[in-house]
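> One structure coming up, written as structure tokens, with questions to follow.
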Amino acid sequence: MYEMDGEEIFVIDGHVHLWDARTENITHEGGEQFIQCFYDYHTGFTPEEKQWDMEEYRHYGADRMATDLFGNAAADMAIFQPTYLTEFYDEGFNTTEQNAELAEEYPERFVLNGSFDPRDGEEGLRYLEHLKEEYDIPGVKLYTAAWRDDSKGWRLDSDDAFEFLEKCADLGIENINAHKGPTIRPLNRDAFDVKDVDDAASSFPELNFIVNHVGLPRLDDFCWIAAQEPNVYGGLAVASAMSTNRKRKFGEIMGELLYWLGEDRILFGSDYALWNPDWLVDQVMNAELTDEQRDEYGVELDVDTMKKVMGENAARLYDIDIEEKKRQFRDDAVTERFDLADHYGGDAGAAAD
Amino acid sequence: MSGSRTDPGGDAGSADTGDTADAAELTDGPRVVAVRDRLDRVEDPELARSIVELDYVDAIDIDGGRVLVQFTLPTAWCSPAFAWMMAVDARDEVESLAWVDTARIELCDHMHDEEITTGVNARDTFGETFPDADGGVAEVRAAIADKARVSRQREAISTLLDAGVDPAQIVALDRDDVTLDGEAAHVELDGLSVVVDRDPIETYVNRAAASGHVTDAGDTLFLTPEGDQIAPDRLDRVQKRARLADVNMSGQGAVCDALHRARHGSDDESG
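These protein sequences, in sequence, are chains A and B. For the first sequence, counting from 1, position 157 maps to 157 in our numbering; every step adds exactly one. For the second sequence, counting from 1, position 158 maps to 511 in our numbering; every step adds exactly one.
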């Protein structure tokens, strides 16, 4: 939790990964380019003294991840967003099964999403059912730019995708997280098209569509769609990292998001391990709009807004009772491991020394 | 990484030969300067800024009438359609110089560097190079031209609002209500003429025409992003959408800049 103006802010990191980009897991040159590109994002927006070297970046493991997220209580909970990329990585890059290793160790601390790929057809539908049954997934992370055989991507508004969204609705998988950001294809448009979210969101009003990276570099298309579709949300991964060394741009983007979507539909995410919440949360919490931006947008990053963005909005989507969690975290396994009982106001008898 | 360097021997003794764009600021001969000036007109379509300004150009090699340009984008994953557009534009700009016979353009360190380098230099079309693309470059160019129109419109409308013109009058203007004269733009409003700065009005009118809008004298001067007439009470909304498009573009510029620095090291960027 984070304290701001004397109030506690419960932090749910809405976007984390447990990936494996070790060279022995890479089966296609795209896999190496992918992790190199991630690494450029990492170093491009991470303070120099916080940067990792390439080897630890390729594979950090569940143990380190728990420490990075919870060791200094930067995050209280985190939401796994799988990225399979099985065309590039032998065992997958960041699958539900890989994420489950940590999610099942600390189930009270993690939300575990699944994934689907409509090009998998009937087999894919069965897999989605399996994920629901095995892990009770409350959402999916979708990567429309993933390669599969000759196909270089797919669209959320296709008939095949609709069949899977229908299945999600049937199974009660309500949170559809769409990656919209750096991609490879499709070639015909700029590769960051968000327009397919529009039709999907209006066709499935019972589902929530969280657009990761707020559509950058198509923030304008994203905001325009979100302004018209009440079940479209913005995930701040990447944008939040701009608070590192592009503070003014971060302020502008927040101003636009608050103007077009309002404070109830923006979700913080670190994109771990692209960026590490152990410093990023603090940095985002300290971000301020300039006077000029306050005048222009008529909004503030005040404590009420930050409470929503950093945790309450995600809690609403994933049915998390924050007050109940605070009580639970006085003496759960993470609190015991990292000696956080005082932080969560645990009473004298708890694990705190 | 793709292709080999042109042998500079044929033009030995010229200061132009074999220099990189970065290192040779002081020793560039006039022909390297001329090439760079042409390349300065090529824009990254995502950012609407020059590829020279953005420091994408790695090398300019000149061998008689043959020019080699090598360039690298901020990530290997930049849109192939955008990479293609920049390569073609660079080729055409360089070849517009009278003394240039052929320009060879090499895209480096990109997901599709070989296909794009081969296709552009063989003068193939985008569709021939990427048969599985389900659309062409033309529609991407059109969409980008339209974004530029909306962005410039915002500045033109702000200029008129600042001059005291009211929204109802602004949305009613036609193309031929505006005349450019010296440093000024004259705007006719029911018999009254308002004089404002020429620059924002002229820039808008040019960008609008380039996007295929507001080309005839009787055309409505200002339009929604979709190209429709603006209702007076929606003018503020249209301005906010244009602001949003500007924030998107400059925000993405910041991302590309950070990636470019991460990829090439920050030390050699500032100079």
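Glycine is no exception: its CB is placed at the ideal position from the N, C-alpha and C atoms. Owing to the predicted nature of the structure, the values given are computational and were not obtained by experimental measurement.
#1: Looking at chain B, is there any beta carbon in it that lies within less than 8 Å of the beta carbon of residue 219 of chain A?
#2: What residue from B:393, B:547, B:514 and B:433 has the CA that sits closest to residue 463 of chain B's CA?
#3: Can residue 578 of chain B and residue 524 of chain B be called in contact, C-beta distance under 8 Å?
#4: What three-state label does DSSP hand residue 83 of chain A in the structure shown?
#5: Please decide whether residue 536 of chain B counts as near chain A, where near means a Cβ-Cβ distance under 8 Å.
#6: Rounded to the nearest angstrom, what separates residue 22 of chain A and residue 559 of chain B at their Cα positions?
#7: If contact is defined by three or more beta carbon pairs under 8 Å, each pair taking one atom from either stretch, is the region 501 to 509 of chain B in contact with the region 551 to 567 of chain B?
#8: For residue 25 of chain A and residue 593 of chain B, what's the separation of their Cα atoms in angstroms?
#9: Verify whether the separation of the beta carbon atoms of residue 16 of chain A and residue 79 of chain A is less than 8 Å.
#10: Quick one: residues in its chain with C-beta nearer than 6 Å to the C-beta of residue 253 of chain A, no 5 flanking neighbours on either side, listed in chain order?
#11: What in chain A is Cβ-close to residue 506 of chain B, meaning under 9 Å?
#12: Would you mind sorting residue 130 of chain A into buried or exposed? The rule is 16 or more other CB atoms within 10 Å of its CB.
#13: For residue 479 of chain B, which residues of its own chain have a beta-carbon under 8 Å away from its beta-carbon, when the five flanking residues on both sides are left out?
#14: Starting from residue 323 of chain B, trace the beta strand (DSSP E) in both directions and tell me its first and last residue.
#15: Let's test the definition: count the other Cβ atoms within 10 Å of the Cβ of residue 581 of chain B and tell me whether it reaches 16, buried, or not, exposed.
#16: Looking only at DSSP bridge pairs, what is residue 628 of chain B linked to?
#17: Below 8 Å between beta carbons: does that hold for residue 616 of chain B and residue 40 of chain A?
#18: Would you list, in chain order, the members of the region 551 to 576 of chain B that have their beta-carbon closer than 8 Å to a beta-carbon of chain A?
#19: Just to confirm my understanding: we take residue 75 of chain A, look at its own chain, exclude 5 residues before and 5 after, and list those with CB closer than 6 Å. What are they?
#20: Is residue 40 of chain A close to chain B? Criterion is C-beta to C-beta, closer than 8 Å.
#21: With burial defined as no fewer than 16 other Cβ atoms inside 10 Å of the residue's Cβ, what is the status of residue 138 of chain A: buried or exposed?
#22: Kindly say whether residue 35 of chain A, judged by its beta-carbon, lies nearer than 8 Å to any beta-carbon of chain B.
#23: Closer than 9 Å by beta-carbon distance: list the chain B residues that pair up with residue 246 of chain A, in chain order.
#24: So residue 392 of chain B and residue 410 of chain B are supposed to be a Cβ contact under 8 Å. How far apart are they, rounded?
#25: Tell me the DSSP secondary structure of residue 294 of chain A in three-state form.
#26: Here's the rule: buried if 16 or more other CB atoms are within 10 angstroms of the residue's CB, otherwise exposed. What is residue 452 of chain B?
#27: Which residues in chain B have a C-beta closer than 7 Å to the C-beta of residue 23 of chain A? List them in chain order.
#28: Listing by chain order, which chain A residues have their CB less than 7 Å from the CB of residue 600 of chain B?
#29: Suppose you measure from the CA of residue 163 of chain A to the CA of residue 175 of chain A; what does that come to, to the nearest Å?
#30: Quick check: what's the CA-CA separation for residue 3 of chain A versus residue 120 of chain A?
#31: For residue 135 of chain A, tell me which candidate among A:331, A:260, A:340 and A:97 has the shortest Cα-Cα distance.
#32: Using 10 angstroms around the beta-carbon of residue 610 of chain B, count the other beta-carbons present and answer buried if the total reaches 16, otherwise exposed.
#33: In the DSSP assignment, what are the bridge partners of residue 539 of chain B?
#34: Helix, strand or coil, according to DSSP, for residue 14 of chain A in the structure here?
#35: Just curious, the beta strand (DSSP E) that residue 179 of chain A is in, first and last residue?
#36: Under 9 Å Cβ-Cβ, which residues of chain A neighbour residue 615 of chain B?
Result, derived from the coordinates:
#1: Residue numbering aside, residue 219 of chain A sits at position 219 when the first sequence is read from its first letter. Interface residue, yes.
#2: The sequence position of residue 463 of chain B within the second sequence is 110, counting from 1. Measuring from the Cα of residue 463 of chain B, the nearest candidate turns out to be B:433.
#3: The residue you call residue 578 of chain B lines up with position 225 of the second sequence. The residue you call residue 524 of chain B lines up with position 171 of the second sequence. Not in contact: residue 578 of chain B and residue 524 of chain B (Cβ atoms no closer than 8 Å).
#4: If you number the first sequence from 1, residue 83 of chain A lands on position 83. Residue state, collapsed to three classes: strand.
#5: As a working note, residue 536 of chain B is residue 183 in the second sequence. Taking Cβ atoms only, chain A never reaches closer than 8 Å to residue 536 of chain B, which makes this a no.
#6: Position 22 of the first sequence holds residue 22 of chain A. Position 206 of the second sequence holds residue 559 of chain B. CA-to-CA, the gap between residue 22 of chain A and residue 559 of chain B works out to about 52 Å.
#7: yes
#8: Within the first sequence, numbered from 1, the residue matching residue 25 of chain A stands at position 25. Within the second sequence, numbered from 1, the residue matching residue 593 of chain B stands at position 240. So the two alpha carbons sit approximately 47 Å from each other.
#9: As a working mapping, residue 16 of chain A is identified with position 16 in the first sequence. As a working mapping, residue 79 of chain A is identified with position 79 in the first sequence. It is a contact, given that the beta carbons lie within the stated cut-off.
#10: As a first step, residue 253 of chain A is located in the first sequence; it is residue number 253 there, counting from the start. Closer than 6 Å at the Cβ level, and outside the excluded window around residue 253 of chain A, lie 239.
#11: Within the second sequence, residue 506 of chain B is the residue found at index 153, counting from 1. Correct list: empty, because the minimum Cβ distance to chain A is about 14 Å.
#12: Translated into the one-based positions of the first sequence, residue 130 of chain A becomes position 130. Exposed: under 16 other Cβ atoms inside 10 Å.
#13: Looking up residue 479 of chain B in the second sequence gives position 126. The answer, listed in chain order, is 434, 437, 472, 486, 489 and 490.
#14: Not covered by the structure: residue 323 of chain B. The range shown for chain B is 354 to 624.
#15: As a first step, residue 581 of chain B is located in the second sequence; it is residue number 228 there, counting from the start. The residue is exposed, with fewer than 16 neighbouring Cβ atoms inside 10 Å.
#16: This structure leaves residue 628 of chain B out entirely; chain B is present only between 354 and 624.
#17: Looking up residue 616 of chain B in the second sequence gives position 263. Looking up residue 40 of chain A in the first sequence gives position 40. Going by C-beta atoms, residue 616 of chain B is nearer than 8 Å to residue 40 of chain A.
#18: none
#19: For this step, residue 75 of chain A is matched to residue 75 along the first sequence. For residue 75 of chain A, where only same-chain residues beyond five positions count, the Cβ hits under 6 Å are 11, 13, 69 and 277.
#20: One-based indexing of the first sequence puts residue 40 of chain A at position 40. Closer than 8 Å to some Cβ of chain B, the Cβ of residue 40 of chain A qualifies, so yes.
#21: Counted from its first residue, the first sequence places residue 138 of chain A at position 138. Classification for residue 138 of chain A: buried.
#22: Taking the first sequence and counting its residues from 1, one reaches residue 35 of chain A at position 35. No, because no Cβ of chain B sits closer than 8 Å to the Cβ of residue 35 of chain A.
#23: For this step, residue 246 of chain A is matched to residue 246 along the first sequence. Ordered by position in chain B, the residues that pass the 9 Å Cβ test against residue 246 of chain A are 604, 607, 608, 610 and 611.
#24: Against the second sequence, residue 392 of chain B aligns to sequence position 39. Against the second sequence, residue 410 of chain B aligns to sequence position 57. Their Cβ separation, rounded to whole angstroms, is 6 Å, which keeps residue 392 of chain B and residue 410 of chain B in contact under 8 Å.
#25: In the first sequence, the residue the question calls residue 294 of chain A occupies position 294. It is helical.
#26: By 1-based counting over the second sequence, the position of residue 452 of chain B is 99. Answer is exposed; the Cβ neighbour count stays below 16.
#27: Position 23 of the first sequence, counted from the first residue, corresponds to residue 23 of chain A. Here the premise fails: no neighbours, minimum Cβ distance about 17 Å.
#28: Against the second sequence, residue 600 of chain B aligns to sequence position 247. 219, 252, 253 and 256, listed in chain order.
#29: The residue you call residue 163 of chain A lines up with position 163 of the first sequence. The residue you call residue 175 of chain A lines up with position 175 of the first sequence. Approximately 16 Å, taken between the alpha carbons.
#30: By one-based count along the first sequence, residue 3 of chain A stands at place 3. By one-based count along the first sequence, residue 120 of chain A stands at place 120. Roughly 46 Å separates the two Cα atoms.
#31: Counting from 1 along the first sequence, the entry for residue 135 of chain A is found at position 135. Taking only the C-alpha atoms, the option nearest residue 135 of chain A is A:97.
#32: Translated into the one-based positions of the second sequence, residue 610 of chain B becomes position 257. Buried: at least 16 other Cβ atoms inside 10 Å.
#33: Translated into positions along the second sequence, residue 539 of chain B becomes position 186. For residue 539 of chain B, which the question treats as bridged, DSSP gives the partners B:532 and B:548.
#34: On the first sequence, position 14 is the one that residue 14 of chain A refers to. Correct three-state label for residue 14 of chain A: strand.
#35: Working through the first sequence from its first residue, we reach residue 179 of chain A at position 179. It spans 175 to 179 - the beta strand (DSSP E) in which residue 179 of chain A sits, taken as one unbroken run.
#36: Within the second sequence, residue 615 of chain B is the residue found at index 262, counting from 1. In chain order: 39, 40, 41, 42, 43, 44 and 45.
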